[in-house]
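**Q** No gaps in the numbering here: position 282 of the sequence shown is 284 in our numbering, and each next residue is one more.
Take a look at this one; I'll ask things after.
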Amino acid sequence: MHDVLIQIFALIGLGVIYSFFRPGGIDNVVVRNVLTSSVYYVFLPALVLNVLWHATLDLTSVKISASANIGIISSLVLASVFCRFCNSRRDITGAMMLAAAFPNATYIGLPLLESTFGSWARSIAIQFDMFAASPLVLTAGIIIAERFGKTTQHARPFRALLKAAPLWAVVIAIGLNLSDVSAPAWLDGLLEKLGSVVVPLMLFAVGLALPRGLSEWRSLPAVIPVVLIQLFIMPLIVWFTATQLGMEGETLRALVVESALPSMALGIVICDRFGLNTGIYAAALMMTTLISFFTLPLWYWWV
Numbered sequence: 003m004h005d006v007l008i009q010i011f012a013l014i015g016l017g018v019i020y021s022f023f024r025p026g027g028i029d030n031v032v033v034r035n036v037l038t039s040s041v042y043y044v045f046l047p048a049l050v051l052n053v054l055w056h057a058t059l060d061l062t063s064v065k066i067s068a069s070a071n072i073g074i075i076s077s078l079v080l081a082s083v084f085c086r087f088c089n090s091r092r093d094i095t096g097a098m099m100l101a102a103a104f105p106n107a108t109y110i111g112l113p114l115l116e117s118t119f120g121s122w123a124r125s126i127a128i129q130f131d132m133f134a135a136s137p138l139v140l141t142a143g144i145i146i147a148e149r150f151g152k153t154t155q156h157a158r159p160f161r162a163l164l165k166a167a168p169l170w171a172v173v174i175a176i177g178l179n180l181s182d183v184s185a186p187a188w189l190d191g192l193l194e195k196l197g198s199v200v201v202p203l204m205l206f207a208v209g210l211a212l213p214r215g216l217s218e219w220r221s222l223p224a225v226i227p228v229v230l231i232q233l234f235i236m237p238l239i240v241w242f243t244a245t246q247l248g249m250e251g252e253t254l255r256a257l258v259v260e261s262a263l264p265s266m267a268l269g270i271v272i273c274d275r276f277g278l279n280t281g282i283y284a285a286a287l288m289m290t291t292l293i294s295f296f297t298l299p300l301w302y303w304w305v
C-alpha cells in the first residue's frame, strides 16, 4: 500500500510545487477550476460509466451504499455536536462539518483501492462516491453550506443533482449493466482512455489547494476534531455498519479503507461559494491528507 500512497502523494506534491512557481503566470485558482471542471463534466462521467457498466451490481452494492451513507451522516452529526459544544462561529461550523464528513472518495480512493486490492475494487470507490458521498454533498452538503455560510445565495439541491454529470453517468451505466448490454470495443477503449486522466489531474488539483492550508497554520489545532472524525471515527462507523450487514473479507477491508480517506478537495469550492471559512477547510484538507499517509495502512492491516 505504501508504494501507491507514495505515487499519490508525489502527484499531489507536483501540484504543490506548481502552485509556488506558477509557470505561465496563471493564477492557481484558475488552473484548479479549469482542471476540476473538465474532470467533473467530461472525464469523471466517462470513468463512472466505464466502471459501473462492467461492475457486479447486487445486494453488496446496497450494503456499500447503506454503510457509506450512515458513516457520512453520522460524521455530519458528530461534527455539528462538537462545534455547538465549543460554541464555534457559524462559518467555521459549516466548514468543519463538510471537512469531517465527505472523503476524497474517487480521486484518492480509486487508485488506492485498485492498486491495493485489484481492478475489482474500483467499483467500490465509485459506488461509495456515487451512491452516497456525491448525492449527499449535493443535497445535505449544499444546504449546510447555505445555512452556515455568509452568502445570500439560495441552495438548490434538486437543480444541483440534475446538473451533476457523473450522476447521470451512474443512471445510464446502471441501465446498461442491468440490461446486459455489451459495450462496443471502440467505446470501451474510449471510455478507458478518458477515465484514465481523472486521477492524475485531480490529485494535481488537490496539490494546488494544499498551500492554502499552509497559510492557515494558526488554524491547525482547531481542525483536530475533523482529523479524528474523518480518519478514525467514520471508518469505525462504516466498519460496524458493514459487519452488521454481513460484509466480510476483502470487500469489507476495501470499504473501510475507502471510508478512511482525507477530506474532499471540492469542499474548498463550496466554502468559497457560500461564504464558509475557507481557511479552516483548507487547513483540514492539508492535515487529513498528510496524516492519512500513516493512518490508511493502519486501517488496511487492522480490518
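By construction, the Cβ of each residue, glycine as well, lies at the ideal position given by its N, Cα and C atoms.
So residue 278 packs on residue 93, CB below 8 Å; how close in whole Å?
**A** On the sequence shown, position 276 is the one that residue 278 refers to. On the sequence shown, position 91 is the one that residue 93 refers to. 5 Å between Cβ atoms; contact.
**Q** Check each candidate in 65, 81, 132 and 140 and name the one with the smallest Cα separation from residue 103.
**A** Taking the first residue of the sequence shown as position 1, residue 103 is located at position 101. Residue 81 is the option with its Cα nearest to residue 103.
**Q** Which value, in whole angstroms, describes the spacing of the CA atoms of residue 209 and residue 291?
**A** Stepping through the sequence shown from its first residue, residue 209 is reached at position 207. Stepping through the sequence shown from its first residue, residue 291 is reached at position 289. In a straight line, the C-alpha of residue 209 is about 10 Å away from that of residue 291.
**Q** Please state if the CB of residue 39 and the CB of residue 243 are separated by a distance shorter than 7 Å.
**A** For this step, residue 243 is matched to residue 241 along the sequence shown. For this step, residue 39 is matched to residue 37 along the sequence shown. Cβ distance not < 7 Å, so residue 243 and residue 39 don't count as in contact.
**Q** Measuring straight from C-alpha to C-alpha, what distance separates residue 90 and residue 148?
**A** Taking the first residue of the sequence shown as position 1, residue 90 is located at position 88. Taking the first residue of the sequence shown as position 1, residue 148 is located at position 146. Their backbone Cα atoms lie some 17 Å apart in a straight line.
**Q** Excluding five sequence neighbours on each side, which residues of the same chain lie with their C-beta closer than 6 Å to the C-beta of residue 274?
**A** Residue numbering aside, residue 274 sits at position 272 when the sequence shown is read from its first letter. Here the set comprises 280.
**Q** Taking 8 Å as the cut-off, does the region 54 to 70 touch the region 125 to 139 (at least 3 CB pairs, one atom from each stretch)?
**A** With a cut-off of 8 Å, the region 54 to 70 and the region 125 to 139 count as touching, because enough Cβ pairs lie within range.
**Q** What three-state label does DSSP hand residue 181 in the structure shown?
**A** The residue labelled residue 181 in the question sits at position 179 within the sequence shown. Correct three-state label for residue 181: coil.
**Q** How would you label residue 61, buried or exposed, when you count the other beta carbons within 10 angstroms and need 16 or more for buried?
**A** Within the sequence shown, numbered from 1, the residue matching residue 61 stands at position 59. Under this definition residue 61 is an exposed residue.
**Q** Is it the case that the region 285 to 300 contacts the region 136 to 143, given that we only count it when at least three CB pairs across the two stretches are under 8 Å?
**A** In short, these stretches do not touch, since the Cβ pair count stays below three.
**Q** If we ignore side chains and look at the alpha-carbon of each, how far apart do residue 15 and residue 109 end up?
**A** As a first step, residue 15 is located in the sequence shown; it is residue number 13 there, counting from the start. As a first step, residue 109 is located in the sequence shown; it is residue number 107 there, counting from the start. Computed Cα separation, rounded: 15 Å.
**Q** State the DSSP-derived secondary structure class of residue 105, mapped to helix, strand or coil.
**A** The sequence position of residue 105 within the sequence shown is 103, counting from 1. Strand, per DSSP.
**Q** Over what stretch of residues does the alpha helix (DSSP H) that includes residue 297 continue unbroken?
**A** Residue 297 sits at position 295 when you count from the first residue of the sequence shown. First-last of the alpha helix (DSSP H) with residue 297: 280 to 304.
**Q** Does the Cβ-Cβ distance between residue 187 and residue 37 come in under 7 Å?
**A** Numbered from 1 along the sequence shown, position 185 holds the residue referred to as residue 187. Numbered from 1 along the sequence shown, position 35 holds the residue referred to as residue 37. Cβ atoms of residue 187 and residue 37: not closer than 7 Å.
**Q** Please list, in chain order, all residues of the same chain as residue 117 whose beta carbon is under 6 Å from its beta carbon, the five residues on each side excluded.
**A** Within the sequence shown, numbered from 1, the residue matching residue 117 stands at position 115. Here the set comprises 6.
**Q** Starting from residue 122, trace the alpha helix (DSSP H) both ways and give me its first and last residue.
**A** Numbered from 1 along the sequence shown, position 120 holds the residue referred to as residue 122. From DSSP, residue 122 is part of no alpha helix (DSSP H); its letter is neither H nor E.
**Q** When burial is assigned at 16 or more other CB atoms within 10 Å of the CB, is residue 303 buried or exposed?
**A** To locate residue 303, count along the sequence shown from 1; it is residue 301. Counting Cβ neighbours within 10 Å, residue 303 comes out exposed, since fewer than 16 surround it.
**Q** Quick one: give me the first and last residue of the alpha helix (DSSP H) that residue 20 is part of.
**A** Mapped onto the sequence shown, residue 20 falls at position 18. First-last of the alpha helix (DSSP H) with residue 20: 4 to 23.
**Q** Among the residues of its own chain, which have a CB less than 6 Å from the CB of residue 264, if the five just before and after it don't count?
**A** By one-based count along the sequence shown, residue 264 stands at place 262. 106, 290, 291 and 294, listed in sequence order.
**Q** With DSSP run on the structure shown, which of helix, strand or coil describes residue 117?
**A** Position 115 of the sequence shown, counting from 1, holds the residue named residue 117. Three-state result, residue 117: helix.
**Q** Is the distance from the Cβ of residue 115 to the Cβ of residue 256 below 7 Å?
**A** Position 113 of the sequence shown, counted from the start, is the residue given in the question as residue 115. Position 254 of the sequence shown, counted from the start, is the residue given in the question as residue 256. Against a cut-off of 7 Å, the Cβ pair of residue 256 and residue 115 comes out as a contact.
**Q** So, using beta-carbon positions, are residue 284 and residue 215 closer together than 7 Å?
**A** For the purposes of this step, residue 284 is identified with residue 282 of the sequence shown, where counting begins at 1. For the purposes of this step, residue 215 is identified with residue 213 of the sequence shown, where counting begins at 1. Yes, the Cβ-Cβ distance between residue 284 and residue 215 is below 7 Å.
**Q** So is residue 164 buried or exposed if we call it buried at 16+ other beta carbons inside 10 Å?
**A** On the sequence shown, residue 164 is found 162 positions in, with the first residue counted as 1. So residue 164 ends up on the exposed side.
**Q** Quick one, are the C-beta atoms of residue 21 and residue 35 less than 7 Å apart?
**A** Mapped onto the sequence shown, residue 21 falls at position 19. Mapped onto the sequence shown, residue 35 falls at position 33. Contact: no.
**Q** When you compare the CB positions of residue 260 and residue 150, do they come within less than 7 Å of one another, or not?
**A** Walking along the sequence shown from the start, residue 260 turns up at place 258. Walking along the sequence shown from the start, residue 150 turns up at place 148. It is not a contact, given that the beta carbons lie outside the stated cut-off.
**Q** If we call anything under 7 Å between Cβ atoms a contact, is residue 50 one with residue 162?
**A** Counting from 1 along the sequence shown, the entry for residue 50 is found at position 48. Counting from 1 along the sequence shown, the entry for residue 162 is found at position 160. Not a contact, by the Cβ cut-off of 7 Å.
**Q** Quick one: what's got a C-beta closer than 6 Å to residue 189's C-beta in the same chain, skipping five residues either side?
**A** In the sequence shown, residue 189 corresponds to position 187, counting from 1. Excluding positions up to five away in sequence, the list is empty.
**Q** What first and last residue would you give for the alpha helix (DSSP H) that runs through residue 227?
**A** Taking the sequence shown and counting its residues from 1, one reaches residue 227 at position 225. Element bounds for residue 227: 226 to 230.
**Q** Identify whether residue 265 lies in helix, strand or coil by the three-state DSSP scheme.
**A** Along the sequence shown, one-based indexing puts residue 265 at 263. Here residue 265 sits in strand by DSSP.
**Q** Determine the direct distance from the alpha carbon of residue 266 to that of residue 225, and round the result to whole angstroms.
**A** Counting from one through the sequence shown, the residue named residue 225 turns up at place 223. Counting from one through the sequence shown, the residue named residue 266 turns up at place 264. In a straight line, the C-alpha of residue 225 is about 15 Å away from that of residue 266.
**Q** Exposed or buried, residue 133, counting other C-beta atoms within 10 Å across all chains shown (16 or more means buried)?
**A** Sequence index remark: in the sequence shown, residue 133 carries index 131 (1-based). Answer is buried; the Cβ neighbour count reaches 16.
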